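What follows is a single structure, written as structure tokens, with notes after it.
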Amino acid sequence: MKLDKNFLWGGSIAAHQLEGAYNEDEKGLSVMDTVTGGTYETPRTITTEIQPDVFYPSHEGIDFYHRYKEDIALFAGMGFKALRISIDWTRIYPNGDDEKPNEKGIAFYHSLLDELIKHDIEPIVTLFHFELPVGILKKYNSWLNRETIDLYLRFVETVVSEYKGKVKRWVTFNEMNHLDPTTDVSALFTYMLAGVEYSKIKNKEQDLAVIGYNMTLASVKAVKLIHDLDIESQVGCVFGLTPSYPKSCKPEDVMLSFKDTIRDFYQIDAMTYGKFPKYKLHEYERMGVHLEVSKEDEQAFKEGIIDFIGLNYYMSQVSCATVADDEQASLFGGIVNPYLEKSDWGWTVDPKGLRYLLNFMYRKYQKPIIICENGLGAVDEVGEDGIVHDDYRIDYLNKHLTQLKKAVVEDGVECFGYLMWGPIDLVSATTGEMKKRYGFIYVDKHDDGTGDLSRTPKDSYYWYKKTIAENGEN
Ligand code: BGP
Numbered sequence: 010m011k012l013d014k015n016f017l018w019g020g021s022i023a024a025h026q027l028e029g030a031y032n033e034d035e036k037g038l039s040v041m042d043t044v045t046g047g048t049y050e051t052p053r054t055i056t057t058e059i060q061p062d063v064f065y066p067s068h069e070g071i072d073f074y075h076r077y078k079e080d081i082a083l084f085a086g087m088g089f090k091a092l093r094i095s096i097d098w099t100r101i102y103p104n105g106d107d108e109k110p111n112e113k114g115i116a117f118y119h120s121l122l123d124e125l126i127k128h129d130i131e132p133i134v135t136l137f138h139f140e141l142p143v144g145i146l147k148k149y150n151s152w153l154n155r156e157t158i159d160l161y162l163r164f165v166e167t168v169v170s171e172y173k174g175k176v177k178r179w180v181t182f183n184e185m186n187h188l189d190p191t192t193d194v195s196a197l198f199t200y201m202l203a204g205v206e207y208s209k210i211k212n213k214e215q216d217l218a219v220i221g222y223n224m225t226l227a228s229v230k231a232v233k234l235i236h237d238l239d240i241e242s243q244v245g246c247v248f249g250l251t252p253s254y255p256k257s258c259k260p261e262d263v264m265l266s267f268k269d270t271i272r273d274f275y276q277i278d279a280m281t282y283g284k285f286p287k288y289k290l291h292e293y294e295r296m297g298v299h300l301e302v303s304k305e306d307e308q309a310f311k312e313g314i315i316d317f318i319g320l321n322y323y324m325s326q327v328s329c330a331t332v333a334d335d336e337q338a339s340l341f342g343g344i345v346n347p348y349l350e351k352s353d354w355g356w357t358v359d360p361k362g363l364r365y366l367l368n369f370m371y372r373k374y375q376k377p378i379i380i381c382e383n384g385l386g387a388v389d390e391v392g393e394d395g396i397v398h399d400d401y402r403i404d405y406l407n408k409h410l411t412q413l414k415k416a417v418v419e420d421g422v423e424c425f426g427y428l429m430w431g432p433i434d435l436v437s438a439t440t441g442e443m444k445k446r447y448g449f450i451y452v453d454k455h456d457d458g459t460g461d462l463s464r465t466p467k468d469s470y471y472w473y474k475k476t477i478a479e480n481g482e483n
């Protein structure tokens with residue numbers, strides 16, 4: 010079984026989870042700079058002003074802002090072909106609507122991109138990975154206001170014009186699909202994506218529908234804009250998807266699993282078929298949500314078709330029409346699959362689910378796919394020899410890669426890369442912890458603020474290096 014020789018091996022990171030330097034070089038505040046740390050048991054809390062004596066994990070991150078050269082050299086040591094980064098909106102436009110872009114922010118990403126290119130690592134750039142300027146939240150009411158679309162497009166135009174010689178693949182948004190008004194699991198993601206506190210939204214269904222619509226529209230408009238600015242560019246959008254299996258063969262479970270699997274697909278449909286789906290408008294109408302697609306918007310949907318789909322895959326879930334009291338709820342709805350092992354954070358480990366998802370997506374859309382996130386968040390112990398022996402991580406990734414290869418080689422899915430999540434330990438998005446580690450590289454940083462931030466390769470580092478060298482044949 011062989012993958013293409015140009016297969017993009019690498020990893021994915023996001024600015025707010027590792028850069029730190031949250032107020033350096035005229036950076037503004039993003040919503041992720043005002044969300045506190047948390048734990049598995051205690052959720053992160055949302056504040057729109059920085060409070061004294063409160064721990065904000067993004068403020069230091071792992072200090073990538075100052076150590077990126079060392080980190081990129083370590084990625085290059087594994088043979089990375091690509092790295093997905095995000096450009097933090099608040100480094101370029103600190104308040105979101107500033108008259109001029111911040112030269113220091115522009116310069117930082119030039120250096121970062123240059124460093125990647127120097128090591129033959131292709132940068133794949135996400136333009137929105139939860140880094141909404143607080144200024145936009147306060148002054149414009151976030152994505153509820155269509156002016157935010159224009160501000161986003163202005164940011165995109167600045168960034169793409171600046172870096173187009175260095176970046177060929179762009180991602181408009183990360184995981185906007187978690188904002189579906191028909192589910193009740195989006196409190197944290199509502200904050201991360203829109204800066205809006207779920208409990209304080211007055212008209213949940215209407216507002217979430219508008220936010221989701223405006224972000225979708227922003228994405229299609231950005232696709233056209235990027236294509237216009239650089240005809241060579243490839244533009245995609247990344248979705249975090251969780252396939253749902255029926256608990257039994259009872260038709261009601263099967264029907265529910267179908268609905269749960271595709272429940273947040275309307276945005277992907279809009280971005281690949283070139284029109285906002287009628288079924289969603291129908292659904293909204295039945296919910297009493299008012300949404301109108303103007304002629305101008307229709308045109309934007311037609312013109313903004315993505316070139317590739319990015320998939321983030323961590324787990325699957327189970328749909329069950331009648332849930333028993335002792336069933337455990339899964340993160341994105343449904344229940345936890347009792348046949349699967351779970352991570353330290355209770356996420357089910359389901360490598361076959363990756364093959365299922367790849368097939369499902371490819372047959373539905375027939376667009377090239379790139380895995381933009383997949384990985385195991387675990388508690389790592391440093392051994393007496395000073396090294397993390399993370400055979401559990403190797404096992405997890407190996408099993409997922411086996412399924413990915415089957416999807417490509419046996420099933421014919423066009424998947425052109427695998428960018429695992431968090432190649433270096435960084436701050437968890439959902440819990441705000443450092444304890445939840447994904448990396449091939451251990452970072453000496455702990456949730457109580459201790460640690461000297463030194464970097465040490467784990468066993469998985471050498472495994473991934475070999476995997477890349479053999480193009481996944483090991
Ligand atoms: C995805 C996000 C990432 C990342 C990942 C793992 O939803 O796109 O930013 O954080 O989840 O989640 P966590 O960090 O909470 O373990």
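Here our numbering is used: position 88 in the sequence shown is 97, and no number is missing along the way.
C-beta: ideal position from N, C-alpha, C; glycine also.
This structure is a prediction, so every number in the text was calculated from the model and none was measured.
| field | residue 344 - partner residues in DSSP beta bridges | value | 327, 338
| request: Taking residue 374 as part of the alpha helix (DSSP H), name the residues at either end of that continuous run. | output: 360-374
| Burial state of residue 232, where buried means 16 or more other Cβ atoms lie within 10 Å | buried
| message | Could you check whether residue 371 and residue 418 sit closer than 8 Å to each other, using their CB atoms as the reference points? | response | no
| query | To which residues of the same chain is residue 349 closer than 7 Å at the C-beta, ignoring the five residues directly before and after it? | reply | 357, 358, 359
| task | Rounded to whole angstroms, what's the CA-CA distance from residue 420 to residue 145? Just pull it up for me. | result | 45 Å
| query | Which of helix, strand or coil does DSSP assign to residue 163? | reply | helix
| Is the distance from the Cβ of residue 30 to the Cβ of residue 74 below 8 Å? | yes
| task | State the DSSP-derived secondary structure class of residue 77, mapped to helix, strand or coil. | result | helix
| Do residue 265 and residue 330 have their C-beta atoms within less than 8 Å of each other? | yes
| said: For the ligand BGP, is there any heavy atom lying closer than 7 Å to the beta carbon of residue 26? | reply: yes
| said: Between residue 154 and the ligand BGP, is there a pair consisting of the residue's CB and a ligand heavy atom that are separated by less than 7 Å? | reply: no
| task | Find out if the Cβ-Cβ distance for the pair residue 56, residue 45 is shorter than 8 Å. | result | yes
| query | Below 8 Å between beta carbons: does that hold for residue 310 and residue 283? | reply | yes
| query | Could you check where the beta strand (DSSP E) with residue 92 kicks off and where it finishes? | reply | 91-95
| Would residue 288 be called buried (16 or more neighbouring beta carbons within 10 Å of its own) or exposed? | exposed
| field | Within 8 Å, strictly: CB atoms of residue 88 and residue 351 | value | no
| Cβ of residue 259 within 7 Å of any heavy atom in the ligand BGP? | no
| request: Look at the alpha carbon of residue 136 and the alpha carbon of residue 241, and state the distance between them as a whole number of angstroms. | output: 18 Å
| Cβ neighbour criterion (16 or more within 10 Å) applied to residue 295 | exposed
| query | Whole-angstrom Cβ separation of residue 235 and residue 179, contact assumed at under 8 Å? | reply | 5 Å
| request: Could you give the DSSP three-state label for residue 152: helix, strand or coil? | output: helix
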